[in-house]
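**Student:**
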Amino acid sequence: MNRKLLALLALLACGCAIARTAENEPLDPALIEKLVPGKTTALETVELMGAPVDVVQLGRRSAYLYRHTREKSTGIVLIVFNMLNQDHREDRLWVFFDEAGTLTHLGSTLEADRTQVATPFKDLYEQEDEAQETGEAPAQDEKAP
Amino acid sequence: MIRLLGPLLLAGCVSGSYTRLSVNEPVDENAVAALPAGADLQVCLGRLGAPIRVWEAEVGRYAMAYGWLRERGWGVRASYSFDNLLPSASFSFDSQLKRMRGAVLWFDGEMKLVEARAGLLSDLLPPRRRPVDVDLLEDSEG
């Protein structure tokens, strides 16, 4: 009787959860295209892109990071056993400035909109990763030219 | 046995879990290996995209890291608290960074590639340190 009661309670006391979180605004490719190495200044970059999330000192140079993160999670809560599937992707832009504050280099990766939600049973990227490892179908990344 | 374990299991004091975690898209290690020594920073950024971290490795030497993570695994959790019935969905970026695969690229003061290595970031990343005083640059350059 105890075992049946426990099994019943475990089945009844279950739940599921879906969560979506995002940090900062998505990076706009049109704005990134306005950044011109050798011309754009740090001030103009901040006026265009807003405040960076990180500033790194590189000797007399500096680098600013702009980042938008998106995370989607699904979970099954069975109290005695829980499952979670979480996907985390980012838009990132690094801009590098010389001592005078002029933009010298920039690089961007825009993949936040590829964040996926799936049941905890599903492997989101297994086939994609295997294909890339074998060289059959390389992933198509959006990157700065 | 079940009289002992049953209340613990149902109260969430002991629970099993299966977690899948995916962070960023994989770094193309072939593209990393194909970067020629002396390549300009812009060439590296163009081929690999934006890194997850940039820092001053030492005086006049800079580094940037790319990282991604695919984890799936079973776990058992024991707890005396009733607060967290869900598996934790939060993480520390630093501890996650060390479990990532990826690449680290080192550049000289002219932002030309000196070295590129791919692998586990825990093997590639040095401990964090403060940036050097810029006055030391004049000593090292002079």
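Protein chains in written order, with this note's numbering: chain P, 3 to 147; chain Z, -5 to 136.
Glycine included, C-beta positions come from ideal geometry on N, C-alpha and C.
Treat the numbers as computed from the prediction; the structure is a model and nothing was measured.
1) Which whole-angstrom value describes the C-beta separation of Arg93 of chain Z and Leu63 of chain Z, a residue pair presumed to lie in contact below a C-beta threshold of 8 Å?
2) Kindly list the residues whose CB is nearer than 6 Å to the CB of Phe85 of chain Z, restricted to its own chain and excluding five residues on each side of it in sequence; keep chain order.
3) Under three-state DSSP, which class holds Arg95 of chain Z?
4) Tell me, please, whether the CB atom of Val82 of chain P is closer than 7 Å to any CB atom in chain Z?
5) What is the DSSP secondary structure of Asp30 of chain P, counted as helix, strand or coil?
6) Since Leu33 of chain P and Leu45 of chain P should fall inside the 8 Å C-beta cutoff, what is the C-beta to C-beta distance between them, to a whole number of angstroms?
7) Let me make sure I understand the geometry here. Which of Z:Ala44, Z:Gly43, Z:Gly40 and Z:Ala31 has the alpha-carbon closest to that of Asp102 of chain Z?
8) Is it true that the segment 77 to 91 of chain P meets the segment 58 to 66 of chain P, where meeting means three or more beta-carbon pairs spaced less than 8 Å apart?
9) Does any C-beta atom of chain Z lie closer than 7 Å to the C-beta of Met51 of chain P?
10) Quick one: what's got a C-beta closer than 6 Å to Val48 of chain Z's C-beta in the same chain, skipping five residues either side?
11) If distances are taken between C-alpha atoms only, which option among Z:Ser16, Z:Pro45, Z:Trp100 and Z:Met105 comes closest to Ser75 of chain P?
12) If you drop the 5 nearest sequence neighbours on each side, which residues of the same chain put their C-beta closer than 6 Å to that of Arg41 of chain Z?
13) Just to confirm the assignment: which complete alpha helix (DSSP H) runs, minimum length 4, are found wholly within the segment 26 to 107 of chain P?
14) Quick check: the Cα distance between Arg95 of chain Z and Leu8 of chain P, rounded to an integer number of angstroms?
15) Quick one: grab the DSSP three-state call for Val53 of chain Z.
16) So His90 of chain P contacts chain Z; which residues on that side make the cut at Cβ distance below 8 Å?
17) Using DSSP's beta-bridge definition, name the partner residues of Phe101 of chain Z.
18) For the segment 20 to 52 of chain Z, list the alpha helix (DSSP H) runs that are entirely contained and at least 4 residues long, ordered along the chain.
19) How many angstroms separate the CA atom of Pro45 of chain Z from the CA atom of Arg5 of chain P?
20) My guess is that Leu108 of chain P and Leu37 of chain P are in contact by the Cβ rule of under 8 Å, so how many angstroms apart are they, rounded?
21) Return no unless some Cβ of chain Z is closer than 7 Å to the Cβ of Ala44 of chain P.
22) Does the CB of Leu118 of chain Z have a neighbour CB from chain P at under 7 Å?
23) Of the choices Z:Val8, Z:Arg124 and Z:Cys38, whose alpha-carbon is the least far from that of Tyr60 of chain Z?
24) Chain C beta carbons: is any one of them nearer than 7 Å to that of Ala114 of chain P?
**Tutor:** Taking the coordinates as given:
1) Numbered from 1 along the second sequence, position 99 holds the residue referred to as residue 93 of chain Z. Numbered from 1 along the second sequence, position 69 holds the residue referred to as residue 63 of chain Z. Rounded, the Cβ-Cβ distance is 6 Å, consistent with contact.
2) Along the second sequence, one-based indexing puts residue 85 of chain Z at 91. Low per-residue confidence applies at Phe85 of chain Z: pLDDT is 46, beneath 50, and the placement is therefore not dependable enough to give any value.
3) Position 101 of the second sequence holds residue 95 of chain Z. Strand at Arg95 of chain Z.
4) Taking the first sequence and counting its residues from 1, the one referred to as residue 82 of chain P is at position 80. The Cβ of Val82 of chain P sits closer than 7 Å to at least one Cβ of chain Z.
5) Mapped onto the first sequence, residue 30 of chain P falls at position 28. Residue state, collapsed to three classes: coil.
6) Along the first sequence, one-based indexing puts residue 33 of chain P at 31. Along the first sequence, one-based indexing puts residue 45 of chain P at 43. With a Cβ gap of about 15 Å, Leu33 of chain P and Leu45 of chain P do not count as contacting.
7) If you number the second sequence from 1, residue 102 of chain Z lands on position 108. Selected option, being the one with the closest Cα: Z:Ala31.
8) Taking 8 Å as the limit for Cβ pairs, the verdict is that the segment 58 to 66 of chain P does not touch the segment 77 to 91 of chain P.
9) The count along the first sequence starts at 1 and reaches residue 51 of chain P at position 49. For Met51 of chain P, no CB of chain Z lies under 7 Å from its own CB, so it is not counted at the interface with that chain.
10) On the second sequence, residue 48 of chain Z is found 54 positions in, with the first residue counted as 1. Excluding positions up to five away in sequence, the list reads Met58.
11) For the purposes of this step, residue 75 of chain P is identified with residue 73 of the first sequence, where counting begins at 1. Nearest option by C-alpha distance: Z:Ser16.
12) Counting from one through the second sequence, the residue named residue 41 of chain Z turns up at place 47. So the list reads Ala25, once near-sequence residues are dropped.
13) Runs of the alpha helix (DSSP H) spanning 4 or more residues and lying entirely within the segment 26 to 107 of chain P occur at 31 to 34 and 44 to 51, in chain order.
14) To locate residue 95 of chain Z, count along the second sequence from 1; it is residue 101. To locate residue 8 of chain P, count along the first sequence from 1; it is residue 6. Their backbone Cα atoms lie some 42 Å apart in a straight line.
15) Walking along the second sequence from the start, residue 53 of chain Z turns up at place 59. Correct three-state label for Val53 of chain Z: coil.
16) As a first step, residue 90 of chain P is located in the first sequence; it is residue number 88 there, counting from the start. Under the 8 Å cutoff, chain Z gives Leu15, Ser16, Val17 and Asn18.
17) Position 107 of the second sequence, counted from the first residue, corresponds to residue 101 of chain Z. Residue pairing by DSSP places Phe101 of chain Z opposite Z:Tyr56 and Z:Leu107 in a beta bridge.
18) Counting whole runs of 4 or more residues, the segment 20 to 52 of chain Z contains the alpha helix (DSSP H) stretches 23 to 27 and 35 to 42.
19) Here residue 45 of chain Z refers to the residue found at position 51 of the second sequence. Here residue 5 of chain P refers to the residue found at position 3 of the first sequence. Cα-Cα distance, rounded: 53 Å.
20) Numbered from its first residue, the first sequence carries residue 108 of chain P at position 106. Numbered from its first residue, the first sequence carries residue 37 of chain P at position 35. Contact annotation, Leu108 of chain P with Leu37 of chain P: C-beta distance approximately 6 Å; criterion of less than 8 Å satisfied.
21) Stepping through the first sequence from its first residue, residue 44 of chain P is reached at position 42. Interface criterion not met: the Cβ of Ala44 of chain P is under 7 Å from no Cβ in chain Z.
22) By 1-based counting over the second sequence, the position of residue 118 of chain Z is 124. Cβ-Cβ to chain P under 7 Å: no for Leu118 of chain Z.
23) Counted from its first residue, the second sequence places residue 60 of chain Z at position 66. Tyr60 of chain Z has its Cα closest to that of Z:Cys38, out of Z:Val8, Z:Arg124 and Z:Cys38.
24) Here chain C cannot be found, since the structure's protein chains are P and Z.
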